[in-house]
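Undergrad: According to numbering that gives the first Met the number 0, the first sequence holds residues 0 to 537 in order. Glycine included, each C-beta is placed from N, C-alpha and C at the ideal position.
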Amino acid sequence: MSPSSTPYFLTTPIYYVNDSPHIGHAYTSLACDVIARFLRSEGSEVMFLTGTDEHGQKVEKSAKQHNLDPQKFVDEVSKRFRKLSELMDFSNDDFIRTTEARHIKSCQALWKRISDGKTPNGQDSNIYLGKYDGWYSVRDEAFYDESELIKDTKNPSNYLAPTGASVEWVEEPSYFFRLSAWQDKLLEFYENNPEFVAPQSRRNEVISFVKGGLRDLSISRTSFSWGIPVPDDDSHIMYVWLDALTNYITGINFPEITSDKWNKYWPASLHMVGKDILRFHAVYWPAFLMSAGIEPPQRVFAHGWWTNEGQKISKSLGNVIDPEVIVRKYGVDAVRYFLLREVPFGNDGYFSHASMVTRINKDLANDFGNLAQRVLSMISKNFEGVIPYPQKNAECNFKSFETLSLSQNLLSKVSPLIHKQAFNEALDRIWEVVREANRSIDKDEPWKLKKKNKSGMGTILWLQAETIRNLAIILKPFMPQSMDRLLDQLNIPLDERNIVNLHEDNEGDICQKYSLRPDSKLPKPVAIFPKYICEFED
RNA sequence: GGCGGGGUAGCUCAGUUGGUUAGAGCGUCGGAAUCAUAAUCCGAAGGUCCCUGGUUCAAAUCCUGGCCCCGCUACCA
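The structure is reproduced here in structure tokens:
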């Protein structure tokens, strides 16, 4: 396999260890995983990074509650996210933790570069010492804007947080990043890079936010200590976002900017994020980088949220979707398929048991699983499980021949869709061919040729099985385990299951180098996507 | 309030630069077939394309006005 295109570096956000892994984490990483697998399969060099965010006041507190040293505590809880990778079959190349030495070094180096640099007017420094103040609620652990506060009904001279918690005016020294100075540079960057924020509607939001004016950003804290010390002033630790975002460059060796990894993979191809953290990635992060003289990433995609049976998911409602529970219930590949097939990527999704079962039973079991099963069984029963030869110059008499060429042209439609994160459309295109395959078998009626035209029957089955091989290879990034089981049943060697093995460009014989091999003895076919049998519960 | 995106079959949505009988999947009804996980295939029913006025030979598609829904409007990891 030779690299066929430029290296691709993609990332998930690092997940906050204080959270339990939920469907949102699984979703973000899944999207990245499918892209990573797809591009590797196309022959690209890929770096897929994920990890955990382990600093902050909440972590410090939780550790205390568990009577643990913060490092011990995060060592423990970060494991849950590694387990999520295993559970969901994610193929990340690295797993970064913000408490690692490499990251601390990286953050401090970035801080220095920012602080050594000047704002675009060339006069001010990017970082200055100031005072962070505001109305703080200890109970909520949050600052509120004056406009958000409400009058205390019992004591009208007093103000409360919107949550009803009492607030106090607090002040602490803080370093500030001169974000206000970078407004025009950011707008210019968005203008010159129309693909930088996706989907389009999010791009509009980002631009309008920046156009509305930017305030300087507090980037250090003194009120707690679980964080990365500010260089040359360890009474401060870095603001969590500066710390967290920097993981993306730590992961490819920053500050070693002469290293191969850095040169190969920066600027990042794609930061995948949930819509709630878009601003940090599309505004603050490029500003930090530009101020440090580093090129911003190429693209940030903000995806939507899932609701549970139409209800907003929240801890207090107790309707959080645990990836482990649904994977155990439906199977990992069914969950992977569902999440990317059910809604246009970028939109919010409606997770429900009923729609999950429909996808499993209709798309997977009936359309695709049954397609494979009917073809493989006919080969098994009529050809003793030996792949028949396609009859020369006769193949084009069959509808199945047209289907095969549809499957050969499929990659040219699907690949650009994956490159723009349109998973749902990609699967749609693939299923058009799956349905067409079923139609063409019905039209060709190979079972009727058993006696009078056995070689014709064999030709149809070869064409269909070869179509299935193409489909399975293209689908493998979405459902790696199931497609491997299917490719096992077609006797495709393990090292010929990539997109680069789809077909060669040589004209002539329909049997090409990597095509399904006639004469190959197949194992007894086993249904690849069993139906989900509805129980009485839910 | 400001900026942005929407309102299309029972449900979820597609509809490119305005152009023949407005599409798909699911659901419903009818039929064919029987290789297959009772899977598949064919067909039908079902829409005032939010309302309004206008531009045009022609508008779901452009413009006016209105109604409704959603997102963003800063330091909440």
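Using 10 angstroms around the beta-carbon of residue 65, count the other beta-carbons present and answer buried if the total reaches 16, otherwise exposed.
TA: Along the first sequence, one-based indexing puts residue 65 at 66. Around the Cβ of residue 65, a 10 Å sphere holds fewer than 16 other Cβ atoms; the residue is exposed.
Undergrad: Rank 460, 137, 468 and 144 by C-alpha distance to the C-alpha of residue 165 and give the top, closest one.
TA: Translated into the one-based positions of the first sequence, residue 165 becomes position 166. Considering only alpha carbons, the answer is 137.
Undergrad: Can you find the residues in the same chain that come closer than 6 Å, C-beta to C-beta, to residue 111, ignoring five residues on each side of it along the sequence?
TA: For this step, residue 111 is matched to residue 112 along the first sequence. Result list for residue 111: 230, in chain order.
Undergrad: The alpha helix (DSSP H) that contains residue 322, what's its start and end?
TA: If you number the first sequence from 1, residue 322 lands on position 323. Where residue 322 is concerned, the enclosing alpha helix (DSSP H) stretches over 322 to 329.
Undergrad: Using 10 angstroms around the beta-carbon of residue 475, count the other beta-carbons present and answer buried if the total reaches 16, otherwise exposed.
TA: For this step, residue 475 is matched to residue 476 along the first sequence. With 16 or more other Cβ atoms within 10 Å, it is buried.
Undergrad: Going by DSSP, what residues sit across from residue 197 in a beta bridge?
TA: Counting from 1 along the first sequence, the entry for residue 197 is found at position 198. DSSP, once it has assigned bridges, lists 300 as partnering residue 197.
Undergrad: Within 10 angstroms of the Cβ of residue 199, are there 16 or more other Cβ atoms? Answer buried if so, exposed if not.
TA: Here residue 199 corresponds to residue number 200 of the first sequence, with the count starting at 1. Residue 199 is exposed by the Cβ-count criterion.
Undergrad: Quick check: residue 290 and residue 113, are their CB atoms within less than 9 Å of each other?
TA: Reading the first sequence from its first residue, position 291 is the one you call residue 290. Reading the first sequence from its first residue, position 114 is the one you call residue 113. Yes, these two residues count as a Cβ contact at 9 Å.
Undergrad: Can you grab the Cα-Cα spacing for the pair residue 340 / residue 424, in whole Å?
TA: Within the first sequence, residue 340 is the residue found at index 341, counting from 1. Within the first sequence, residue 424 is the residue found at index 425, counting from 1. Near 8 Å, if we compare the C-alpha coordinates of residue 424 and residue 340.
Undergrad: Within 10 angstroms of the Cβ of residue 127, are there 16 or more other Cβ atoms? Answer buried if so, exposed if not.
TA: Position 128 of the first sequence, counted from the start, is the residue given in the question as residue 127. Residue 127 comes out exposed.
Undergrad: Please return the same chain residues whose Cβ sits closer than 6 Å to the Cβ of residue 216, not counting the five positions on each side in sequence.
TA: Residue mapping note: residue 216 aligns to position 217 of the first sequence, counting from 1. Within its own chain, the residues whose Cβ lies closer than 6 Å to the Cβ of residue 216, once the five positions on either side in sequence are excluded, are 176 and 178, listed in chain order.
Undergrad: Where does residue 269 sit, in a helix, a strand or coil, going by DSSP?
TA: On the first sequence, residue 269 is found 270 positions in, with the first residue counted as 1. Reduced to three states, the DSSP call for residue 269 is strand.
Undergrad: Can you name, in chain order, every residue of its own chain whose Cβ lies under 8 Å from the Cβ of residue 189, other than the five neighbours on each side?
TA: Within the first sequence, numbered from 1, the residue matching residue 189 stands at position 190. Sequence-distant Cβ neighbours of residue 189 in its own chain, meaning closer than 8 Å and more than five residues away, are 195, 196, 202, 205, 206 and 209.
Undergrad: Quick check on residue 174: does DSSP put it in helix, strand or coil?
TA: For the purposes of this step, residue 174 is taken as residue 175 along the first sequence, with counting starting at 1. It is a strand residue.
Undergrad: Within the continuous beta strand (DSSP E) that includes residue 515, where are the two ends?
TA: On the first sequence, position 516 is the one that residue 515 refers to. Boundaries cannot be given for residue 515, as no beta strand (DSSP E) includes it and DSSP labels it neither H nor E.
Undergrad: How about residue 440 and residue 399: do their beta carbons lie closer than 9 Å?
TA: The residue given as residue 440 occupies position 441 in the first sequence. The residue given as residue 399 occupies position 400 in the first sequence. The answer is yes: Cβ separation under 9 Å.
Undergrad: Would you mind sorting residue 282 into buried or exposed? The rule is 16 or more other CB atoms within 10 Å of its CB.
TA: Numbered from its first residue, the first sequence carries residue 282 at position 283. Buried, since its Cβ has 16 or more Cβ neighbours within 10 Å.
Undergrad: Report yes if the CB atom of residue 74 is closer than 9 Å to the CB atom of residue 14, and no otherwise.
TA: By 1-based counting over the first sequence, the position of residue 74 is 75. By 1-based counting over the first sequence, the position of residue 14 is 15. Going by C-beta atoms, residue 74 is not nearer than 9 Å to residue 14.
Undergrad: If we ignore side chains and look at the alpha-carbon of each, how far apart do residue 173 and residue 21 end up?
TA: Numbered from its first residue, the first sequence carries residue 173 at position 174. Numbered from its first residue, the first sequence carries residue 21 at position 22. Going from the Cα of residue 173 to the Cα of residue 21 covers about 34 Å.
Undergrad: Taking C-alpha atoms, which residue in 261, 55 and 344 lies nearest to residue 220?
TA: On the first sequence, residue 220 is found 221 positions in, with the first residue counted as 1. It is 55.
Undergrad: Under 8 Å: do the segment 514 to 530 and the segment 360 to 371 share three or more Cβ pairs, one atom per stretch?
TA: Touching, yes.
Undergrad: Do you know whose CA, among 517, 68 and 41, lies nearest residue 384's CA?
TA: On the first sequence, residue 384 is found 385 positions in, with the first residue counted as 1. When only C-alpha atoms are compared, the closest one is 517.
Undergrad: Whose CA, out of 488, 370 and 25, lies closest to the CA of residue 438?
TA: Against the first sequence, residue 438 aligns to sequence position 439. If we check each option's Cα against that of residue 438, 370 comes out closest.
Undergrad: Along the chain, where does the alpha helix (DSSP H) that runs through residue 284 open and close?
TA: For the purposes of this step, residue 284 is taken as the residue at position 285 of the first sequence. Note, residue 284: alpha helix (DSSP H), 284 to 290.
Undergrad: Are the beta-carbon atoms belonging to residue 12 and residue 248 less than 9 Å from one another?
TA: The residue you call residue 12 lines up with position 13 of the first sequence. The residue you call residue 248 lines up with position 249 of the first sequence. Contact: no.
Undergrad: Starting from residue 307 and walking both ways along the alpha helix (DSSP H), at which residues does that stretch end?
TA: The sequence position of residue 307 within the first sequence is 308, counting from 1. Note, residue 307: premise wrong, no alpha helix (DSSP H); beta strand (DSSP E) at 305 to 307.
Undergrad: Give the single residue among 268, 338, 24 and 463 whose Cα lies nearest to the Cα of residue 192.
TA: For the purposes of this step, residue 192 is taken as the residue at position 193 of the first sequence. The option with the nearest alpha carbon to residue 192 is 268.
Undergrad: What are the residues that DSSP puts in a beta bridge with residue 346?
TA: To locate residue 346, count along the first sequence from 1; it is residue 347. Partner(s): 344.
Undergrad: Closest to residue 170 by C-alpha separation, out of 133, 159, 155 and 187, would be which residue?
TA: As a working note, residue 170 is residue 171 in the first sequence. Closest by alpha carbon: 133.
Undergrad: Near residue 428, what residues of its chain come up, given a Cβ to Cβ distance below 8 Å and the 5 sequence neighbours on each side ignored?
TA: On the first sequence, position 429 is the one that residue 428 refers to. Taken in chain order, the residues that qualify are 409, 412, 413 and 416.
Undergrad: Thinking just about the alpha-carbon of each residue, which of 271, 131 and 462 is nearest to the one in residue 25?
TA: The residue you call residue 25 lines up with position 26 of the first sequence. Checking every option, the nearest Cα to that of residue 25 belongs to 271.
Undergrad: Does the segment 298 to 315 touch the segment 323 to 335, meaning 3 or more C-beta pairs lie closer than 8 Å?
TA: no
Undergrad: Going by beta carbon distance, what residues of the same chain come within less than 8 Å of residue 123, once the five residues before and after it are set aside?
TA: As a working mapping, residue 123 is identified with position 124 in the first sequence. Hits under 8 Å: 117, 177 and 180.
Undergrad: Grouping DSSP H, G and I as helix and E and B as strand, with all else coil, what is residue 216?
TA: Here residue 216 refers to the residue found at position 217 when the first sequence is read from its first residue. The answer is strand: DSSP assigns residue 216 an E or B state.
Undergrad: Mind checking residue 535: buried by the 16 CB within 10 Å criterion, or exposed?
TA: In the first sequence, residue 535 corresponds to position 536, counting from 1. Caution applies to residue 535, whose pLDDT of 46 falls short of 50 and renders its modelled position unreliable; the value that the coordinates give is listed next. That one is exposed.
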